[in-house]
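Comments concern the structure below.
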Amino acid sequence: MWTFVLSYLISVPLGIAKAVREGSRFDTISTAFVLVGFAIPGFVLGVFLIVLFAGGTFWDVFPLRGLTSDNWAELAWPARVRDYLWHLTLPLTCLVIGSFAEMTMLTKNTFIEEIRRQYVLVARAKGLSQSRVLWKHVFRNALIPIVTGFPAAFVSAFFSGALLIESLFSLDGLGLLSYESAIRRDYPVVLGSLFLFTLVGLVVKLVSDVTYVIVDPRLQFGAAAK
3 MWTFVLSYLI SVPLGIAKAV REGSRFDTIS TAFVLVGFAI PGFVLGVFLI VLFAGGTFWD
63 VFPLRGLTSD NWAELAWPAR VRDYLWHLTL PLTCLVIGSF AEMTMLTKNT FIEEIRRQYV
123 LVARAKGLSQ SRVLWKHVFR NALIPIVTGF PAAFVSAFFS GALLIESLFS LDGLGLLSYE
183 SAIRRDYPVV LGSLFLFTLV GLVVKLVSDV TYVIVDPRLQ FGAAAK
């Protein structure tokens, strides 16, 4: 969940900023960083972060394993939240860096395509400001491809490299649970996890369709065929 939310919170604003500044130094440098992050496997990045920041060789800044500390139950609620987020920093970094590149480039290309359309030129000719044209007219139309990719991005957050990251940081996640259950031939757990993944995919697909209608009012589920 955190991987999915952070990926969208980073990729959509970054893609919009790249589209507005197309061809600038910011666009070139950010594209290089995005592609490098996309090319580095999450597992390799996790090993590097452990060696660098988790007491492997250099600094012992972040915890090496688990979602919480041993004394988590004894901490106050603010301290519990800080401890939980502190444990999630390295795993989330590994998962987010490789997952938001595709959405960033999709957002950028979609906004560039919409900015070049005729209705944007008409809106500018009427004297509308750049921010008003971007957020009131371009943004809503550019959201359609992003919303369409919502289910795939959400479900991939459960599968793409999560098993390796969970194993590397000793996290009790669904991917690791499914893998260990398959190795132990624990068929009830395997079928239960498969059912859960399928249910999540169906629910997210339904949410995507509803959001699609909200973004594009021209679509109507209950429209009668003529």
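All residue numbers for the sequence shown refer to my numbering, where the first residue is 3 and numbers rise by one.
Virtual Cβ for every residue (Gly too), placed ideally from N, Cα, C.
Given that a residue counts as buried once 16 or more other Cβ atoms are within 10 Å of its Cβ, and exposed if not, what is Met3? Within the sequence shown, residue 3 is the residue found at index 1, counting from 1. Classification for Met3: exposed.
Neighbour-count burial assignment, Val140, 16 or more Cβ in a 10 Å radius: What you label residue 140 is simply residue 138 of the sequence shown in a count that begins at 1. The residue is buried, with at least 16 neighbouring Cβ atoms inside 10 Å.
Could you give the distance in angstroms between the alpha-carbon of Tyr10 and the alpha-carbon of Leu196? What you label residue 10 is simply residue 8 of the sequence shown in a count that begins at 1. What you label residue 196 is simply residue 194 of the sequence shown in a count that begins at 1. Between Tyr10 and Leu196, the C-alpha separation is close to 26 angstroms.
Assuming contact is defined by CB atoms lying nearer than 7 angstroms, are Phe113 and Ile12 in contact in what I supplied? Taking the first residue of the sequence shown as position 1, residue 113 is located at position 111. Taking the first residue of the sequence shown as position 1, residue 12 is located at position 10. Not closer than 7 angstroms, so no.
Using three-state DSSP, classify Ala56 as helix, strand or coil. Translated into positions along the sequence shown, residue 56 becomes position 54. Strand.
Three-state class that DSSP yields for Asp62 in the structure shown: Looking up residue 62 in the sequence shown gives position 60. Asp62 falls in the strand class under three-state DSSP.
Quick test of your reading: Gly39 and Gly100, contact by CB under 8 angstroms. State the CB separation rounded to the nearest angstrom. The count along the sequence shown starts at 1 and reaches residue 39 at position 37. The count along the sequence shown starts at 1 and reaches residue 100 at position 98. Yes, they are in contact, since the Cβ atoms of Gly39 and Gly100 sit about 6 angstroms apart, within 8 angstroms.
From Ala164 to Gly68, what does the alpha carbon distance come to, in whole angstroms? What you label residue 164 is simply residue 162 of the sequence shown in a count that begins at 1. What you label residue 68 is simply residue 66 of the sequence shown in a count that begins at 1. Taking the straight line joining both Cα atoms gives about 14 angstroms.
Alpha helix (DSSP H) containing Pro80: first to last residue? Position 78 of the sequence shown, counted from the start, is the residue given in the question as residue 80. That run of the alpha helix (DSSP H) goes Trp79 to Ile117.
Three-state class that DSSP yields for Leu16 in the structure shown: Here the question's residue 16 lines up with position 14 in the sequence shown. In this structure, Leu16 counts as helix in the three-state DSSP scheme.
Count Cβ pairs between the segment 54-63 and the segment 22-37 that sit closer than 8 angstroms; are there 3 or more? The segment 54-63 is not in contact with the segment 22-37.
CA-CA distance, Gly177 and Glu168? Numbered from its first residue, the sequence shown carries residue 177 at position 175. Numbered from its first residue, the sequence shown carries residue 168 at position 166. Taking the Cα positions, Gly177 is about 8 angstroms away from Glu168.
Taking the Cβ atom as the reference point for each residue, do Pro93 and Phe171 lie within a distance shorter than 7 angstroms? In the sequence shown, counting from the first residue as 1, residue 93 sits at position 91. In the sequence shown, counting from the first residue as 1, residue 171 sits at position 169. Result yes, Cβ atoms of Pro93 and Phe171 sit closer than 7 angstroms.
Using 10 angstroms around the beta-carbon of Ile148, count the other beta-carbons present and answer buried if the total reaches 16, otherwise exposed. Here residue 148 corresponds to residue number 146 of the sequence shown, with the count starting at 1. Flag for Ile148 reads buried.
Taking the C-alpha atoms as reference points, what is the distance between Leu54 and Gly129? Position 52 of the sequence shown, counted from the first residue, corresponds to residue 54. Position 127 of the sequence shown, counted from the first residue, corresponds to residue 129. For Leu54 and Gly129, the gap between their C-alpha atoms comes out near 53 angstroms.
Please list, in chain order, all residues of the same chain as Glu116 whose beta carbon is under 6 angstroms from its beta carbon, the five residues on each side excluded. In the sequence shown, residue 116 corresponds to position 114, counting from 1. Excluding sequence neighbours, Glu116 sits near Val140, Asn143 and Ala144.
Which value, in whole angstroms, describes the spacing of the CA atoms of Leu166 and Tyr189? Along the sequence shown, one-based indexing puts residue 166 at 164. Along the sequence shown, one-based indexing puts residue 189 at 187. Rounded to the nearest angstrom, the two C-alpha atoms are 22 angstroms apart.
Taking the Cβ atom as the reference point for each residue, do Leu97 and Gly44 lie within a distance shorter than 7 angstroms? As a working note, residue 97 is residue 95 in the sequence shown. As a working note, residue 44 is residue 42 in the sequence shown. Yes. Within cutoff.
Under the assumption that Ala103 contacts Leu37 (Cβ atoms under 8 angstroms), give the Cβ distance between them as a whole number of angstroms. Position 101 of the sequence shown, counted from the first residue, corresponds to residue 103. Position 35 of the sequence shown, counted from the first residue, corresponds to residue 37. Correct: roughly 7 angstroms between the Cβ atoms.
Going by beta carbon distance, what residues of the same chain come within less than 7 angstroms of Tyr86, once the five residues before and after it are set aside? As a first step, residue 86 is located in the sequence shown; it is residue number 84 there, counting from the start. So the list reads Leu69 and Thr70, once near-sequence residues are dropped.
Cβ-Cβ separation, Leu51 to Thr95 (assumed contact under 8 angstroms), whole Å: Walking along the sequence shown from the start, residue 95 turns up at place 93. Walking along the sequence shown from the start, residue 51 turns up at place 49. The beta carbons of Thr95 and Leu51 sit about 6 angstroms from each other, so the pair counts as a contact at 8 angstroms.
Check for me: the alpha helix (DSSP H) holding Phe28 runs from which residue to which? Counting from one through the sequence shown, the residue named residue 28 turns up at place 26. Following the DSSP letters along the chain, one finds Phe28 inside the alpha helix (DSSP H) bounded by residues Arg27 to Ala41.
Reference Pro63, options Ser131, Thr91, Asn111 and Val124, closest by Cα: Here residue 63 refers to the residue found at position 61 of the sequence shown. In the sequence as presented, Pro is not what sits at residue 63; that position holds Val. Considering only alpha carbons, the answer is Thr91.
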